[in-house]
Amino acid sequence: MSATTALKGTKLKTSAMIASFADPGQKTASAPFGHALVKAAQENDKIVGLTADLGKYTDMHIFAQAFPERFFQMGMAEQLLFGAAAGFAETGLVPFASTYSVFAARRAYDFLCLDSAEPNLNVNIVGGLPGLTTGYGPSHQATEDMAIFRGMPNLTIVDPCDSIDIEQAVPQLAASEGPTYLRLLRGNVPTVLDEYGYTFELGKAKVLRGGNDVVFVSSGLMTMRALQAAKALAEHNVDVAVVHTPTIKPFDAETVLAEINTDRLAVTLENHSVVGGLFETVASAVVTAGLGKRVVPVALPDAFLDAGALPTLHERYSLSVQRIVAKVLAELG
Amino acid sequence: MTATQETMTATTTERVDSVSAAAYRIRHHALTMGEVQGQGYVGQALGAADMLAAVYADQLRFQAEDPHWEQRDRFLLSTGHYAIGHYAALAEAGIIPVEELDTYGSDDSRLPMSGMSTYTPGMEISGGSLGHGLTIAVGMALGLRHQGSRARVYNFLSDGELDEGSTWEAAMGAHHHQLGNLTAMVDINALQADGKTDTVLRTEPVTEKWESFGWYTQRVDGNNMAELLQAFDNAAAQAAAVGRPSVILCDTKVGRGVPLLEDREKAHFMRIEEHEWQLCREQLTAGYEGKASR
Numbered sequence: 256m257s258a259t260t261a262l263k264g265t266k267l268k269t270s271a272m273i274a275s276f277a278d279p280g281q282k283t284a285s286a287p288f289g290h291a292l293v294k295a296a297q298e299n300d301k302i303v304g305l306t307a308d309l310g311k312y313t314d315m316h317i318f319a320q321a322f323p324e325r326f327f328q329m330g331m332a333e334q335l336l337f338g339a340a341a342g343f344a345e346t347g348l349v350p351f352a353s354t355y356s357v358f359a360a361r362r363a364y365d366f367l368c369l370d371s372a373e374p375n376l377n378v379n380i381v382g383g384l385p386g387l388t389t390g391y392g393p394s395h396q397a398t399e400d401m402a403i404f405r406g407m408p409n410l411t412i413v414d415p416c417d418s419i420d421i422e423q424a425v426p427q428l429a430a431s432e433g434p435t436y437l438r439l440l441r442g443n444v445p446t447v448l449d450e451y452g453y454t455f456e457l458g459k460a461k462v463l464r465g466g467n468d469v470v471f472v473s474s475g476l477m478t479m480r481a482l483q484a485a486k487a488l489a490e491h492n493v494d495v496a497v498v499h500t501p502t503i504k505p506f507d508a509e510t511v512l513a514e515i516n517t518d519r520l521a522v523t524l525e526n527h528s529v530v531g532g533l534f535e536t537v538a539s540a541v542v543t544a545g546l547g548k549r550v551v552p553v554a555l556p557d558a559f560l561d562a563g564a565l566p567t568l569h570e571r572y573s574l575s576v577q578r579i580v581a582k583v584l585a586e587l588g
Numbered sequence: 039m040t041a042t043q044e045t046m047t048a049t050t051t052e053r054v055d056s057v058s059a060a061a062y063r064i065r066h067h068a069l070t071m072g073e074v075q076g077q078g079y080v081g082q083a084l085g086a087a088d089m090l091a092a093v094y095a096d097q098l099r100f101q102a103e104d105p106h107w108e109q110r111d112r113f114l115l116s117t118g119h120y121a122i123g124h125y126a127a128l129a130e131a132g133i134i135p136v137e138e139l140d141t142y143g144s145d146d147s148r149l150p151m152s153g154m155s156t157y158t159p160g161m162e163i164s165g166g167s168l169g170h171g172l173t174i175a176v177g178m179a180l181g182l183r184h185q186g187s188r189a190r191v192y193n194f195l196s197d198g199e200l201d202e203g204s205t206w207e208a209a210m211g212a213h214h215h216q217l218g219n220l221t222a223m224v225d226i227n228a229l230q231a232d233g234k235t236d237t238v239l240r241t242e243p244v245t246e247k248w249e250s251f252g253w254y255t256q257r258v259d260g261n262n263m264a265e266l267l268q269a270f271d272n273a274a275a276q277a278a279a280v281g282r283p284s285v286i287l288c289d290t291k292v293g294r295g296v297p298l299l300e301d302r303e304k305a306h307f308m309r310i311e312e313h314e315w316q317l318c319r320e321q322l323t324a325g326y327e328g329k330a331s332r
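The listed protein sequences derive, respectively, from chains A and B. 588 is the number that our numbering gives the last residue of the first sequence; the numbers go up by one with no jumps. 332 is the number that our numbering gives the last residue of the second sequence; the numbers go up by one with no jumps.
Below, the structure written as structure tokens:
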């Protein structure tokens, strides 16, 4: 069907920039990162906020309103943003610097690597639109951000699932010594993990639910999908465990391998390219431990993705609950 | 004595002579370090020695025995390969022992070929990937001002670094945030890795560029100590927590002070034969003493 034909029919789905991946009617929290940073800053007067002309789009504006004198607008200049963030940290301050993940990972890598990671400074990178969370196409979709950042020594990488993860992660990122990268979920962010007696611990994976047939190892918003898929699979009499591993680096191999080293079907789920993200992190841990275990990835393809509406794209690229369920059923034969 | 009073001291002959003597010792150190390695960025160190001496022997507030003293002025070496000159200046300032200079570039030395903050006391940043220094300096100047510090930030960069877009991001940022506590010093030796600057990527008109970016801009002969000190005095006189950032554009000569090297074909990585090092030092000393006795 051509676009022209489509225009005559029902309303088209759009790729609005502020698209939320929350399901209709789902419980959400507004701008959890911004509010968490304000709270952390009330307790730690060393915290400052920086952005590169994307304060409103990374929830940094909440901090800017609360602490105008502790907020620094660096302009649409990401190399300056992260070079300056290192400079702030050199003076003893604790900067949180926000932009989109694509600009942090692709454009400013050298500045993060040499100015913050090499001297192990407490610079906290906040990257919006990680993976496939916008329909704007490859210019905005950071499908390989973790692959880029995993090779950077000293850098901690956090891929939060929901508002709970973000609220609890922010003070821990501020308190941790070296540089960190937070894959930001912004705007109205789903609240999911409160139902699982869960608390975020930097560097730790958590088993959210047990299950006898399949084990999901997931990070980021794909943990939400993993939990939904687990419920859907129960209706097919498939019992699924879910292990959430929000810290990608350093990776909690001990917890994850203990879950993987069973007879259950092992599946990793991530909002990231199949290259260089959670799947390969798990795979390398499995091989290093000498486990002859097959692991099935649910991940974005190694490709530049289409522009379009998020629900369409999540379905197209296998991140939807429906696609996960179908894949697991096919694997189980 | 306040910083302004300190730096407003007239450029007396005595002051010029004293800082020139420091520049001579920095050059001498650099030649000795170069000989140990048989190579190194000696040409750049000789060219920039007057700038480094002006900073360490005249401008910078620091405590040699406590390189992390909170109220210190920050000197950021953006051009990591100028480390040979910077180490010589740190030795001159008493921050590292002179004897340690012999380890330059050797295994397990605190003095690697390219300067890194994690290796060397008094080295504020890891330079070397060019175009970083001024961006870090902007954050440092903002961070210090935010915390009420009166410390100033000096960033040493080269004309080659003016090729880097990030340098201009930072130049804009410094002006936007009115960083009157920031001074950039640009070594314009008209030479970069692949050849003469005007054949690699034309950066002129440099003065007009900085002026149009809103900086208080001065251009001087970077090998003329009286001119250099006057420029620093002018910059200090208009320094303020909130104000215009300052840039001192310094035209320098690669190999300055050693005629043998001044006349040699200019190269980013200058070759010096084994038997020439002593000759270089003799020429340096003869030139310096000749000037001093005049």
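Beta carbons: idealized from backbone N, C-alpha and C, even for Gly.
Check, Outcome
"Nearest-angstrom Cα separation, counted from P374(A) out to H106(B)", "15 Å"
"Residues that H170(B) contacts on chain A, provided the C-beta gap is smaller than 7 Å", "G338, F366, L369 and D370"
"Backbone CA spacing between S573(A) and Y453(A) [nearest angstrom]", "27 Å"
"Status (buried if at least 16 other CB within 10 Å, exposed otherwise) for Q82(B)", "buried"
"Opening and closing residue of the alpha helix (DSSP H) in which G289(A) lies", "P287 to E298"
"Start-to-end residues for the beta strand (DSSP E) that takes in N272(B)", "It is not in any beta strand (DSSP E) - N272(B) instead sits in the alpha helix (DSSP H) that spans M263 to A275."
"Element boundaries [alpha helix (DSSP H), containing I421(A)]", "S418 to A430"
"Sequence-distant residues of the same chain with beta carbon closer than 8 Å to V580(A), five excluded per side", "A484, A487, L488 and H491"
"Any C-beta of chain A under 8 Å from that of A28(B)", "Examination of residue 28(B) is not possible in this model, given that chain B is present from 39 through 332 alone."
"For S257(A), the three-state DSSP class (helix, strand or coil)", "Because S257(A) sits at a pLDDT of 49, beneath the cut-off of 50, its placement in the model cannot be relied upon, and the point is left open."
"For M223(B): DSSP bridge partner residues", "F194(B) and I286(B)"
"Spatially closest choice to R549(A) from E535(A), T346(A) and L309(A), by CA coordinates", "E535(A)"
"Cα-Cα separation, E432(A) to H527(A)", "26 Å"
"Where F251(B) falls: helix, strand or coil (DSSP)", "coil"
"Q483(A), DSSP secondary structure in three states", "helix"
"Short Cβ contact (8 Å threshold) for V551(A) with A521(A)", "yes"
"C-alpha distance - T209(B) paired with G143(B), whole-angstrom precision", "A small correction: the amino acid at residue 209(B) is Ala; Thr does not occupy that position in the sequence shown. If you take the alpha carbons of A209(B) and G143(B), they lie about 32 Å apart."
"Close beta carbons around S275(A), own chain, < 7 Å, minus the five adjacent residues each side", "G442 and N443"
"Alpha-carbon to alpha-carbon, T51(B) and G211(B)", "38 Å"
"Beta-carbon contacts of E300(B) that lie in its chain and below 8 Å, excluding the five residues immediately before and after", "K291, V292, G293 and R294"
"Beta-carbon proximity list for V228(A), same chain, < 7 Å, skipping 5 on both sides", "Nothing in the structure corresponds to residue 228(A), since chain A is present only between 256 and 588."
"Rounded separation between A508(A) and P159(B) - CA only", "38 Å"
"Chain B residues whose Cβ lies nearer than 7 Å to that of T346(A)", "M178, G181, L182 and Q185"
"Close-in-space but distant-in-sequence residues of the same chain around E73(B) (CB under 6 Å, 5 per side omitted)", "W315"
"Neighbour-count burial assignment, T517(A), 16 or more Cβ in a 10 Å radius", "exposed"
"Cutoff 8 Å: S155(B) Cβ touching any chain A Cβ", "yes"
"S474(A) vs T446(A) beta-carbon contact at 8 Å", "no"
"Backbone CA spacing between E570(A) and I419(A) [nearest angstrom]", "26 Å"
"Reduced DSSP category for S159(B) - H, G, I as helix; E, B as strand; rest coil", "According to the sequence shown, residue 159(B) is Pro rather than Ser. If DSSP states are grouped into helix, strand and coil, P159(B) belongs with coil."
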